[in-house]
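Everything in the sequence shown is counted per my numbering, starting at 58 for the first residue and increasing by one.
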Amino acid sequence: MSKKRYLITSALLYANGPVHIGHVAGAYLPADIYSRYLIGKGHDVAFISGSDEHGAAITLQAKKEGVLPNEIIDKYHSLNKQSFKDFGINFSIYHRTSEDLHHKTAQEVFTELDKKKVFTKKESKQFYDKENKQFLADRYITGECPRCHALNAYGDQCEKCGGTLSPDELINPKSVLSGIKPIKKNTTHWYLPMQKHEKWLKLYIEKGELNQKKHHDVKQWKSQVIGQCKSWLDSGLQERAMTRDLDWGVKVPVKNADNKVLYVWLDAPIGYISATKQWALENNKNWEDFWRDKNTELIHFIGKDNIVFHCIIFPIILKSHGDFILPKNVPANSFLNLEGKKLSTSRNWAIWLHEYLKDFKGHEDALRYVLCAMAPENKDADFTWAEFQARNNNELVSIYGNFINRVIVLLNKYWEGEIPAQNQLDSYDKDVLKKIDLFEEKVSNSIEKFKFRDGLSELINLARIGNKYLADKEPWKLKSSDEKATQTIMNITAQIAGSLAILSEPFLPFSSEKLKIMMNITHLSWQNNGATIFKEGHKINKASHLFNKIEDEKIKEQLEKLSA
């Protein structure tokens with residue numbers, strides 16, 4: 058197998074609040090599964106993310122809490138970084154856009170684009186709050202959404218319908234700061250004339266072509282990603298301001314541009330580049346190999362509300378700069394709802410990751426499992442505590458965990474933990490061994506096509522095969538009458554357990570590690586998976602519970618917390 062280089066990014070998370078399960082299901086867990094899989098296959102992988110610490114969302118939260126913006130970002134960057142770590146999201150680096158290296162990198166990109174006359178500088182009328190004597194960033198303006206008519210849409214996006222907006226589109230706009238209707242006042246900004254890039258973007262999005270060459274396979278892109286991009290392109294792209302009148306963010310590196318910062322959607326994606334630079338410095342790597350080598354595959358994991366920024370605006374920036382590669386795929390997910398309602402951080406209708414980790418210690422993989430099993434890969438999905446409990450108890454505990462426990466207990470009971478010989482095979486044995494060998498390819502194909510739900514389903518199917526095989530063969534009844542047949546049965550079930558330990562690692566790293574210890578797997582990787590993992594005489598360890606049942610009382614507590 059040829060080794061490849063991959064640059065995987067998860068959307069930079071706004072450092073204005075804790076990470077919740079909607080974030081995890083959308084952009085972080087899928088990327089972690091993909092990254093772990095590629096590393097297991099021996100590829101060169103950089104998995105990049107971090108905190109987006111600029112923009113109006115941060116300053117608004119600071120005003121709300123009565124503190125300075127840097128206090129907000131320090132608080133939530135630290136909390137979210139630890140939450141991700143405790144949940145097993147295995148970033149190469151979780152960086153910050155407040156770091157000097159990021160400011161320097163973002164300013165260098167802006168300067169290069171400005172030098173190449175990518176931007177147009179012009180004066181225009183922008184919303185201004187007379188009472189607070191300041192121009193209003195998009196997030197400082199709310200009003201009625203022109204599409205779904207929600208009353209509290211922001212100037213850049215409606216959180217109810219997910220539509221991308223501009224402040225001028227809002228019906229009855231008002232200032233978040235004062236509550237009054239803002240006026241229009243002249244100010245100067247740098248604009249990105251996106252309409253000039255429509256021709257090559259159409260070829261890139263619709264045909265997978267870039268610079269008259271095949272760049273990627275459009276059939277591998279999700280229909281919702283291509284559909285949303287085509288909608289923008291068919292409607293005609295408009296110019297978009299790349300700077301803002303704010304005192305918080307990356308300063309515009311131009312004379313007489315006081316109190317102007319880079320637009321957060323110019324600033325934040327460049328954070329992937331600055332984070333890669335920092336990671337490369339710390340790990341004796343060359344960051345340019347990951348951003349400037351056409352053999353590197355760049356994959357962005359995001360939610361569907363960020364499609365336009367990662368598939369249109371950021372590619373324009375990268376191509377216009379001239380030295381960077383463009384994404385090979387952007388497998389954006391839809392939204393995760395909660396108990397039949399949209400997640401809402403303002404209404405506290407959310408499951409916060411740090412609280413889950415505290416309330417369900419030792420159940421990290423249970424949430425990873427359920428969020429992957431119901432992942433909103435192509436349409437919105439709904440998380441319920443009842444389904445969470447049912448999937449944990451009926452699938453992880455009763456199917457997967459039960460199979461592993463029976464195998465390890467019997468191996469220790471009959472042969473003191475030594476895997477017995479594989480003797481004469483009957484047709485059922487041969488069929489099961491043949492099936493085991495197919496699962497590596499099945500799971501691999503699913504992951505490589507970004508169909509993580511299908512990959513996880515195959516994993517549980519392998520455990521089901523093991524359970525059925527054990528139940529049908531009943532080695533505990535055969536032991537006294539046919540030692541050799543019993544040995545063969547238990548050898549085969551050990552091979553299944555070993556396969557599960559290896560194949561589960563991208564999805565369920567905590568239980569995978571636990572199972573590897575039980576099966577005494579110290580050196581095997583993805584390539585070693587199959588029907589011949591263990592040789593006769595391999596010594597395993599004692600059994601312990603791989604997963605634990607979640608009782609009704611725990612679920613009742615969570616439902617009461619939501620209703621509080």
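Yeah, the Cβ is synthetic: ideal placement off N, Cα and C, and Gly gets one too. On a predicted model such as this, the values are computed, not experimentally measured, just so you know.
Opposing strand residues paired with residue i [DSSP bridges]
i      : result
Phe104 : Ile65
Ile228 : Glu201
Ala72  : BP columns for Ala72 are empty, so no partner.
Lys241 : Phe184
Asn451 : DSSP, once it has assigned bridges, lists no residue as partnering Asn451.
Pro388 : Beta-bridge pairing links Pro388 to no other residue.
Ser92  : Beta-bridge pairing links Ser92 to no other residue.
Tyr151 : Ser106
Lys399 : Asn394
Ile476 : DSSP, once it has assigned bridges, lists no residue as partnering Ile476.
Arg301 : Val318
Trp247 : Lys178
His357 : Thr66
Whole-angstrom C-beta distance between residue j and residue i, which should lie under 8 Å
i      : j      : result
Val311 : Leu319 : Actually they are not in contact, since the Cβ atoms of Val311 and Leu319 sit about 11 Å apart, beyond 8 Å.
Thr154 : Asp109 : 6 Å
Ala88  : Ser67  : 4 Å
Pro230 : Gly265 : That belief does not hold up - the Cβ atoms of Pro230 and Gly265 are roughly 39 Å apart, past 8 Å.
Ile90  : Cys429 : 7 Å
His115 : Trp305 : The question names His, but residue 115 is Ile in the sequence shown. Rounded, the Cβ-Cβ distance is 7 Å, consistent with contact.
His159 : Ser331 : 4 Å
Gln118 : Gly74  : 7 Å
Reference residue i, options the options, closest by Cα
i      : options                        : result
Asp437 : Val427, Gly360, Val387         : Gly360
Val466 : Ala600, Ser582, Glu339         : Ala600
Leu513 : Glu475, Pro566, Phe144         : Pro566
Lys182 : Asn268, Asp380, Ala298         : Ala298
Thr441 : Lys415, Ile456, Lys399         : Lys399
Tyr480 : Asn462, Ile549, Phe507         : Tyr is not the amino acid found at residue 480; the sequence shown has Asn there. Closest by alpha carbon: Ile549.
Glu296 : Lys418, Lys179, Arg510, Ile283 : Lys179
His254 : Tyr413, Gly293, Lys415, Asn524 : Gly293
Glu412 : Trp278, Asn73, Ile78           : Ile78
Ser569 : Arg425, Glu444, Leu234         : Arg425
Cys218 : Trp247, Ile356, Asn394         : Asn394
Met431 : Ala447, Trp257, Lys418, Phe417 : Ala447
Val282 : Leu227, Ile364, Ser223         : Ile364
Arg93  : Ile146, Leu69, Asp131, Ala114  : Ile146
Val175 : Asp186, Ser59, His160, Ile370  : Ile370
Glu497 : Asp511, Ser484, Asp486         : Asp511
Leu170 : Leu323, Tyr261, Phe192         : Leu323
Asp291 : Ala621, Val307, Met251, Arg301 : Met251
Phe507 : Ala163, Ser280, Ala558         : Ser280
Gly419 : Lys271, Lys571, Asn435, Arg349 : Lys571
Lys172 : Gly379, Ala84, Leu557          : Gly379
His357 : Asn316, Asp486, Lys415, Ala84  : Ala84
Asp350 : Phe366, Gly555, Leu383, Asp362 : Leu383
Tyr151 : Gly458, Pro388, Tyr329         : Tyr329
Trp238 : Gln584, Asn73, Tyr185          : Going by the sequence as given, residue 238 is Lys instead of Trp. Here the closest residue by C-alpha is Tyr185.
Trp406 : Ala551, Glu444, Trp344, Leu619 : Leu619
Pro563 : Phe509, Lys120, Ile546, Phe366 : Phe509
Asn386 : Thr353, Trp409, Leu414, Ile374 : Thr353
Ile546 : Ile559, Lys499, Leu482         : Leu482
Classification of residue i by the beta-carbon crowding that lies within 10 angstroms, buried from 16 upward
i      : result
Cys205 : exposed
Leu495 : exposed
Leu125 : exposed
Ile240 : exposed
Lys376 : buried
Gln544 : buried
Gly112 : buried
Gly397 : exposed
Asp422 : buried
Gly34  : For residue 34 there is no data in the structure shown, the boundaries of the chain being 58 and 621.
Thr579 : exposed
Gln269 : exposed
Glu434 : buried
Glu452 : buried
Gly236 : exposed
Gly123 : exposed
Leu616 : exposed
Glu515 : buried
Tyr71  : buried
Arg404 : exposed
Ile228 : exposed
- Message: For the structure I just gave you, are there three or more beta carbon pairs, one from the region 59-79 and one from the region 99-107, closer than 8 Å?
- Response: yes
Touch check for the region 519-536 and the region 573-592: three-plus C-beta pairs under 8 Å? no
TODO: Please determine if the region 458-475 and the region 593-607 are in contact, where contact requires at least 3 C-beta pairs separated by less than 8 Å.
DONE: yes
| message | Using 8 Å as the cut-off, can you tell me whether the region 283-290 makes contact with the region 331-341, which would need three or more C-beta pairs spanning the two stretches below that distance? | response | no
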